[in-house]
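Student:
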Amino acid sequence: MFENAIGLKQKYRNGERIIGVSMAPNTPPDRFDQIMDKDDYDFVSIDSQHTPLSEERIAAFCDMAAERDVFVQFRIKHTRNAYLIGNYLDLGPCGIEIPQTELEETVDDALHYFYYPPAGGRSFGGRHRRGTEDKTTEEYADWWNSFGILWLQIESVEAATRGHLLAKAGVDCLSMGPTDLSMSIKAHPQHWLKSVDDTIAYLCRSLEGTGVAVCHRNGTPDTREKYADMGVTVFLESA
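Going by our numbering, the letters in the sequence shown line up with residues 650 to 888, in that order.
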């Protein structure tokens, strides 16, 4: 059901190196262009989990990115908002990140609302959606299901050790949340995962051969090779 992949989604499946950059959702067009010119970025990421953000602002940012053919990854407000994924996507993001993913039930909800039928149950609509031009409803559903990218954020040792169970068909990437993960590690001093780096390396090993990528918020380009050697293929850096 999720065999087809195009564009950036295919690069995830192939295990190619993918570089993204975080931006503030109120980034003006000239600053957007300056940031994108700094490196050969594959996507930009905006956040609502820890940032005040209106739906109008999301749509405006995504429209600006669409004019430049730039892929937008969007972290939603809360884990339990997975049922709103379709509504968020109608505002123009190309991908979704769900913070603090712990349970398979969350993944099932995410898959249902991220993908159009027959793969999922997302409702049709939204004039800001990426890529609707010259496509029928059925054509758009097929295109989206091959294009959109779904991340689950891993922010605890419990989630990390269940990563192989969370990485269900239709999930493209497990992203590391190093700050919350550090707190989880400190709260479990007897756990065999002793550091964020231990956890990243373990998660990469556990996902080998699945086609599901691991993303690390590495911050700066100088750390790419360190984490690439562990198996990370997706890097999210600061502007």
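Glycine residues also receive a C-beta, built at the ideal position from the N, C-alpha and C atoms. Fair warning: this is a prediction, and the values are worked out from it, not measured in the lab.
(1) What residues in its chain sit with their C-beta under 6 Å from that of arginine 873, if we drop five residues either side in the sequence?
(2) Between the C-alpha atoms of arginine 776 and leucine 738, what's the straight-line distance to the nearest angstrom?
(3) Report buried or exposed for asparagine 794, applying the criterion of at least 16 other Cβ atoms within 10 angstroms of its Cβ.
(4) Would you call isoleucine 849 buried or exposed, if buried means 16 or more other Cβ atoms sit within 10 Å of its Cβ?
(5) Going by the DSSP bridge assignment, what does glutamine 722 pair with across the sheet?
(6) Determine whether the beta carbon atoms of tyrosine 765 and valine 719 lie at a separation below 9 Å.
(7) Assuming cysteine 853 and tyrosine 661 are in contact, meaning their beta carbons sit under 8 Å apart, how far apart are those beta carbons, in whole angstroms?
(8) Using 8 Å as the cut-off, can you tell me whether the stretch 810-827 makes contact with the stretch 856-867, which would need three or more C-beta pairs spanning the two stretches below that distance?
(9) When burial is assigned at 16 or more other CB atoms within 10 Å of the CB, is isoleucine 798 buried or exposed?
(10) Quick one: is the Cβ of histidine 777 within less than 8 Å of any heavy atom of the ligand FAD?
(11) Could you tell me whether the Cβ atoms of glutamine 749 and glutamate 804 are closer together than 9 Å?
(12) For the alpha helix (DSSP H) that histidine 837 lies in, which residues bound it at each end?
(13) Rounded to a whole number of angstroms, what is the C-alpha to C-alpha distance between serine 833 and valine 806?
(14) Unbroken beta strand (DSSP E) runs of length 3 or more, entirely within the stretch 774-843: which are they?
(15) Return the CA-CA distance between glutamine 802 and threonine 785, expressed in angstroms with no decimal places.
(16) In the DSSP output, what is valine 883 paired with across the bridge?
(17) If you run the structure through DSSP and keep just helix, strand and coil, what is alanine 654?
(18) Please classify serine 855 as buried or exposed, where buried requires at least 16 neighbouring CB atoms within 10 angstroms.
(19) Taking 8 Å as the cut-off, does the stretch 664-684 touch the stretch 706-723 (at least 3 CB pairs, one atom from each stretch)?
(20) Quick one: Cα of aspartate 758 to Cα of alanine 731, how far?
Tutor: Reading off the structure:
(1) Position 224 of the sequence shown, counted from the start, is the residue given in the question as residue 873. So the list reads Phe884, once near-sequence residues are dropped.
(2) Position 127 of the sequence shown, counted from the first residue, corresponds to residue 776. Position 89 of the sequence shown, counted from the first residue, corresponds to residue 738. Their backbone Cα atoms lie some 11 Å apart in a straight line.
(3) Position 145 of the sequence shown, counted from the start, is the residue given in the question as residue 794. Flag for asparagine 794 reads buried.
(4) Reading the sequence shown from its first residue, position 200 is the one you call residue 849. Buried, by the Cβ-count rule.
(5) Within the sequence shown, residue 722 is the residue found at index 73, counting from 1. Per DSSP, Ser694 and Gly744.
(6) Here residue 765 refers to the residue found at position 116 of the sequence shown. Here residue 719 refers to the residue found at position 70 of the sequence shown. If you check the CB distance, tyrosine 765 and valine 719 do not come in under 9 Å.
(7) As a first step, residue 853 must be located in the sequence shown, where it is residue number 204. As a first step, residue 661 must be located in the sequence shown, where it is residue number 12. That belief does not hold up - the Cβ atoms of cysteine 853 and tyrosine 661 are roughly 14 Å apart, past 8 Å.
(8) yes
(9) Position 149 of the sequence shown, counting from 1, holds the residue named residue 798. By the neighbour-count definition (other C-beta atoms within 10 Å, threshold 16), isoleucine 798 is a buried residue.
(10) What this structure holds is no ligand at all, so the ligand FAD is not there to describe.
(11) In the sequence shown, residue 749 corresponds to position 100, counting from 1. In the sequence shown, residue 804 corresponds to position 155, counting from 1. The Cβ atoms of glutamine 749 and glutamate 804 sit closer than 9 Å to each other.
(12) Position 188 of the sequence shown holds residue 837. Segment: none, histidine 837 is in no alpha helix (DSSP H) and carries neither H nor E.
(13) Position 184 of the sequence shown, counting from 1, holds the residue named residue 833. Position 157 of the sequence shown, counting from 1, holds the residue named residue 806. Each residue's alpha carbon lies about 6 Å from the other.
(14) Counting only runs of 3+ residues, the beta strand (DSSP E) found wholly inside the stretch 774-843 occupies 798-803 and 822-825, in chain order.
(15) Position 153 of the sequence shown holds residue 802. Position 136 of the sequence shown holds residue 785. Cα-Cα distance, rounded: 33 Å.
(16) Sequence index remark: in the sequence shown, residue 883 carries index 234 (1-based). Valine 883 pairs with Ile667 and Cys864.
(17) Position 5 of the sequence shown, counting from 1, holds the residue named residue 654. Coil at alanine 654, not helix or strand.
(18) As a first step, residue 855 must be located in the sequence shown, where it is residue number 206. Buried is the call here.
(19) yes
(20) Translated into positions along the sequence shown, residue 758 becomes position 109. Translated into positions along the sequence shown, residue 731 becomes position 82. Near 6 Å, if we compare the C-alpha coordinates of alanine 731 and aspartate 758.
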